[in-house]
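Data first, discussion second: the structure below is written as structure tokens.
Residue numbers (the numbering used here): -6 to 262.
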């Protein structure tokens, strides 16, 4: 149940799928992950300068949030903020998906085309997905605060060196590490299932919010091993990029964003 039409003013044929159409899922292996990362790096090399400027917005927000947390004696929130970037990463990367889509189609890839996302047939689906990720991010921060207070109490206050010492050297800190990581893993798995391919799909085709989410979930279920590895790659990349004052995200984000688009093209038919 599909029809071919031209959209976005580019005389570009695009497959428009009705909301009751069910995209097909391919099974993939680790070689597909490697190839997607290679293609993501190629996209970044072709379009590096303005992408760095574009994605500097992302680390800038992180710096402001971390500073606000520090200024309000909420130092323990810094790590949840950093790790929580993985929860909103798919939304932040939508513009990168669009540029990769355009390059793949042989279209102009000037940075202004990131705003073509607003012309997507499924813009309401993209907005809905963004709201869901924002709720998950807020829920993760609230959970992190609750866990820290439960595990460490007054020991969670103080400057960064004191907090790190208490985490490593006290039983409450050990509980924080175990429980915090388990809860964080739960949020990460839910986000990966919901958003791994739903944003690229909504950008690429005319689909409803339920179809976008269910397709992403089915893709994860069909490829549990490779997608678990992909999740580790994404989280690891974002954390490493955030360590040097969030500046590394200006490089990590576009590479992962482009790579996600290419992985989507391998998985969703």
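Using N, Cα and C, we set each Cβ at its ideal position, and we do this for glycine too.
Practice item. Return the CA-CA distance between residue 19 and residue 259, expressed in angstroms with no decimal places. Key: Counted from its first residue, the chain shown places residue 19 at position 26. Counted from its first residue, the chain shown places residue 259 at position 266. Approximately 7 Å between the Cα atoms of the pair.
**Study point:** residue 261 - DSSP class collapsed to helix/strand/coil
**Key:** The residue you call residue 261 lines up with position 268 of the chain shown. Three-state result, residue 261: strand.
Practice item. Consult DSSP for residue 125 and reduce its assignment to one of helix, strand or coil. Key: The residue you call residue 125 lines up with position 132 of the chain shown. Three-state DSSP puts residue 125 in a helix.
Exercise for review: Check residue 120 in the structure and name its three-state DSSP category.
Suggested key: Here residue 120 corresponds to residue number 127 of the chain shown, with the count starting at 1. Collapsing the DSSP output to three states places residue 120 in a helix.
Practice item. Please determine, among 250, 124, 241 and 218, the residue with the shortest C-alpha to C-alpha distance to residue 23. Key: As a working note, residue 23 is residue 30 in the chain shown. Closest option to residue 23, Cα to Cα, is 218.
Review point. How many angstroms separate the CA atom of residue 262 from the CA atom of residue 29?
Key: Here residue 262 refers to the residue found at position 269 when the chain shown is read from its first residue. Here residue 29 refers to the residue found at position 36 when the chain shown is read from its first residue. Cα-Cα distance, rounded: 16 Å.
Exercise for review: Thinking residue 186 and residue 210 are a contact (beta carbons under 8 Å), I'd like their distance in whole angstroms, please.
Suggested key: Here residue 186 refers to the residue found at position 193 of the chain shown. Here residue 210 refers to the residue found at position 217 of the chain shown. The pair is a contact, with the Cβ atoms about 5 Å apart (cut-off 8 Å).
Check your understanding: Under the DSSP definition of a beta bridge, which residues are partnered with residue 18?
Key -> Residue mapping note: residue 18 aligns to position 25 of the chain shown, counting from 1. 261, per the DSSP bridge assignment.
Check your understanding: Is residue 80 closer than 9 Å to residue 138 when the C-beta atoms are compared?
Key -> Reading the chain shown from its first residue, position 145 is the one you call residue 138. Reading the chain shown from its first residue, position 87 is the one you call residue 80. Contact flag unset, no.
Exercise for review: Buried or exposed for residue 190, please, with buried defined as at least 16 other CB atoms from any protein chain shown within 10 angstroms of its CB.
Suggested key: For this step, residue 190 is matched to residue 197 along the chain shown. Buried: at least 16 other Cβ atoms inside 10 Å.
Review point. Shortest alpha-carbon distance to residue 203 belongs to which of 122, 102, 95 and 158?
Key: The residue given as residue 203 occupies position 210 in the chain shown. With distances taken between Cα atoms, residue 203 lies closest to 122.
Review point. Rounded C-beta distance between residue 36 and residue 256? I'm assuming under 8 Å.
Key: For this step, residue 36 is matched to residue 43 along the chain shown. For this step, residue 256 is matched to residue 263 along the chain shown. In fact, because the Cβ distance is near 12 Å, the residues do not count as touching under 8 Å.
Review point. In terms of residue numbering, what span does the alpha helix (DSSP H) encompassing residue 32 cover?
Key: Indexing the chain shown from 1 puts residue 32 at position 39. Per DSSP, residue 32 belongs to the alpha helix (DSSP H) from 23 to 39.
Check your understanding: Of the choices 129, 156 and 131, whose alpha-carbon is the least far from that of residue 142?
Key -> What you label residue 142 is simply residue 149 of the chain shown in a count that begins at 1. Out of 129, 156 and 131, 156 has the C-alpha closest to the C-alpha of residue 142.
**Study point:** Cβ-based neighbour list, residue 77, same chain, cut-off 6 Å, excluding 5 preceding and 5 following
**Key:** Within the chain shown, numbered from 1, the residue matching residue 77 stands at position 84. 130 and 133, listed in sequence order.
Check your understanding: Per DSSP, what kind of secondary structure is residue 178 in: helix, strand or coil?
Key -> Here residue 178 is taken as the residue at index 185 of the chain shown, counted from 1. If DSSP states are grouped into helix, strand and coil, residue 178 belongs with the helices.
Check your understanding: For the candidate residues 112, 98, 96 and 140, whose alpha-carbon lies nearest to that of residue 196?
Key -> For the purposes of this step, residue 196 is taken as residue 203 along the chain shown, with counting starting at 1. Checking every option, the nearest Cα to that of residue 196 belongs to 112.
Check your understanding: For the alpha helix (DSSP H) that contains residue 82, what are its first and last residues?
Key -> Working through the chain shown from its first residue, we reach residue 82 at position 89. 71 to 85 is the extent of the alpha helix (DSSP H) around residue 82.
Exercise for review: Leaving out five residues on either side along the sequence, give the residues of the same chain with a beta carbon under 6 Å from the beta carbon of residue 34.
Suggested key: On the chain shown, position 41 is the one that residue 34 refers to. Correct list, in chain order: 248.
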